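*Asks:* The sequence shown lines up with residues 74 to 227 when you count with the working numbering.
The beta-carbon is built from N, C-alpha and C at its ideal position, and this holds for glycine as well.
Since the structure is predicted, the reported quantities are computational estimates derived from the model, not experimental observations.
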Amino acid sequence: ASFPAKTLDDFYQPYDWPEKKINPYRGWEIYPQAIYDVAMMMKKDYHNLPWFVSENGMGVADEERFMDDSGMIQDDYRIEFMKEHLSYLHQAIEEGSNCFGYHTWTFIDCWSWLNGYRNRYGFYRVDLEEDYKRTVKKSGLWYKKLSERNGYEE
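1) Note the first and the last residue of the continuous alpha helix (DSSP H) segment covering residue 154.
2) Is any heavy atom in the ligand ATP found nearer than 7 Å to the beta carbon of residue 196?
3) Check whether the stretch 145-162 and the stretch 107-114 touch, using three or more Cβ-Cβ pairs below 8 Å as the test.
4) Please state whether DSSP places residue 141 in a helix, a strand or coil.
5) What's the C-alpha gap between residue 119 and residue 101?
6) I need the DSSP call for residue 112, collapsed to helix, strand or coil.
7) Going by other Cβ atoms of all chains shown within 10 Å of its Cβ, with 16 needed for buried, is residue 165 buried or exposed?
8) Across which residues does DSSP place residue 185 in a beta bridge pair?
9) Is residue 206 helix, strand or coil by DSSP?
10) So, residue 193 versus residue 132, is the Cβ gap smaller than 8 Å?
11) Please name the residue, chosen from 181, 125, 136 and 197, that lies closest to residue 162 on a Cα-to-Cα basis.
12) Let me see if you follow: with CB-CB separation under 8 Å, is residue 215 close to chain B or not?
13) So, is residue 210 buried or exposed, given that buried needs 16 or more other C-beta atoms within 10 angstroms?
14) Measuring straight from C-alpha to C-alpha, what distance separates residue 80 and residue 201?
15) Closest by CA to residue 76, which one among 88, 115 and 90?
Okay, structure coming up:
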């Protein structure tokens, strides 16, 4: 790899890590340490310029299977996903990376050009059968507390 990047090989080297973590609902790899790696790269290779995470989220298909009797999606998997990523981001900031923001994808289930409403990412569920009614998910309540406290408790 060289800096600045000139070819795709300068960005990454393909590797299939045997112990990788997978989103079991979509088959995508989850690598929370990547957010730390990028933060340290921004510090080291880009003069620690101010930056923010523009999108970070976990898509899950057929999320209704996680709905409880009250109608709330119990998306603990999304909460754990964000906790893992935020933990690494916090570590990077503690080590001097100049990250000033973190944006999730997305606050509400949204339509995708690639797969319509199949993957759900939001803190709010959109009911396509009931006049697009919006209902907060467990992760939405968790993220509200995270924002109010500027952090989370284990």
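*Replies:* Quick look at the numbers:
1) From DSSP, the alpha helix (DSSP H) with residue 154 extends over 149-167.
2) By its list of ligands, the structure shown contains no ligand whatsoever, and the ligand ATP lies outside what it can speak to.
3) Short answer: they touch.
4) Secondary structure of residue 141 (DSSP, three-state): coil.
5) Looking at the two C-alpha atoms, the distance is approximately 29 Å.
6) For residue 112, the three-state secondary structure derived from DSSP is helix.
7) Residue environment for residue 165: buried (at least 16 other C-beta atoms within 10 angstroms of its C-beta).
8) The secondary-structure analysis by DSSP pairs residue 185 across a beta bridge with 189.
9) Collapsing the DSSP output to three states places residue 206 in a strand.
10) In this structure, residue 193 places its C-beta atom within 8 Å of the C-beta atom of residue 132.
11) The shortest C-alpha separation from residue 162 is found at 125.
12) Among the protein chains of the structure shown there is no chain B, as only one such chain exists.
13) Counting Cβ neighbours within 10 Å, residue 210 comes out buried, since at least 16 surround it.
14) Going by the C-alpha atoms only, they are around 43 Å apart.
15) Each of 88, 115 and 90 was checked against the Cα of residue 76, and the nearest Cα belongs to 115.
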